[in-house]
Amino acid sequence: MQALRWQPWWFAGGIVIALAIAVLSLLPSADLPKVQLWDKFEHGFAYLALAAWFGGIVRPDRYLRLALVLLGFGIAIEIAQGAMGFGRTADVADVLANAAGIVIGLGVALVGVSGWMRGVERLCGAALPTAD
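Going letter by letter, the sequence shown gives residues 930 to 1061 in the numbering used here.
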């Protein structure tokens, strides 16, 4: 697998996604945008995007570790929601939706969709030479 030349930037983008998820998850209920989707779908989709993004950065042999880190992130957010008292509650069903999103996101990355980062770098002329 060819290394990403812009890996620190790709990683930073993933951190921005994670921070957006954290902020949206911890805002008081009244301050949330009205998306009108099923809450569990929103959770699953957010973590699918996060897992697919980081799945494009890390090697597939580290996907289990990545999944555990992302799951821990989701659990920490649920615990924080329960402790804050801003009209948000901790919900085991949200953790399960997050986990489903992580599994699907890493599955998408495994089937090759994660290569889009390398494609963007090639288009921009940033590809690293491969070692023969």
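Ideal Cβ placement from N, Cα and C applies to all residues, glycine included.
Cβ separation of residue 981 and residue 1038, assumed to be a contact under 8 Å, to the nearest whole Å: For the purposes of this step, residue 981 is taken as the residue at position 52 of the sequence shown. For the purposes of this step, residue 1038 is taken as the residue at position 109 of the sequence shown. The Cβ separation is near 5 Å, so the contact holds.
From residue 951 to residue 1054, what distance separates their C-alpha atoms? Numbered from 1 along the sequence shown, position 22 holds the residue referred to as residue 951. Numbered from 1 along the sequence shown, position 125 holds the residue referred to as residue 1054. Their Cα atoms are separated by approximately 34 Å.
Closer than 8 Å by C-beta to residue 1013: which residues in its own chain qualify, once you throw out the five before and the five after it? Chain order, please. One-based indexing of the sequence shown puts residue 1013 at position 84. Only 955 meet the Cβ criterion.
Within its chain, find whatever has a CB closer than 6 Å to the CB of residue 944; leave out the 5 residues flanking it on each side and keep chain order. For this step, residue 944 is matched to residue 15 along the sequence shown. Contacts found: none.
Return the first residue and the last residue of the alpha helix (DSSP H) that residue 937 is part of. In the sequence shown, counting from the first residue as 1, residue 937 sits at position 8. Per DSSP, residue 937 belongs to the alpha helix (DSSP H) from 936–955.
8 Å Cβ shell around residue 1018 - same chain, five flanking residues per side excluded: Taking the sequence shown and counting its residues from 1, the one referred to as residue 1018 is at position 89. Counting only Cβ-Cβ distances below 8 Å, and skipping sequence neighbours, we find 1010, 1011.
Assuming the contact rule is C-beta atoms closer than 8 Å, residue 903 and residue 1034 should be a hit. Round their C-beta distance to whole Å, please. In the structure as shown, the chain starts at 930 and stops at 1061, and residue 903 therefore has no counterpart that could be examined.
Under the rule that 16 or more other beta-carbon atoms within 10 Å means buried, what is residue 941, buried or exposed? What you label residue 941 is simply residue 12 of the sequence shown in a count that begins at 1. That one is exposed.
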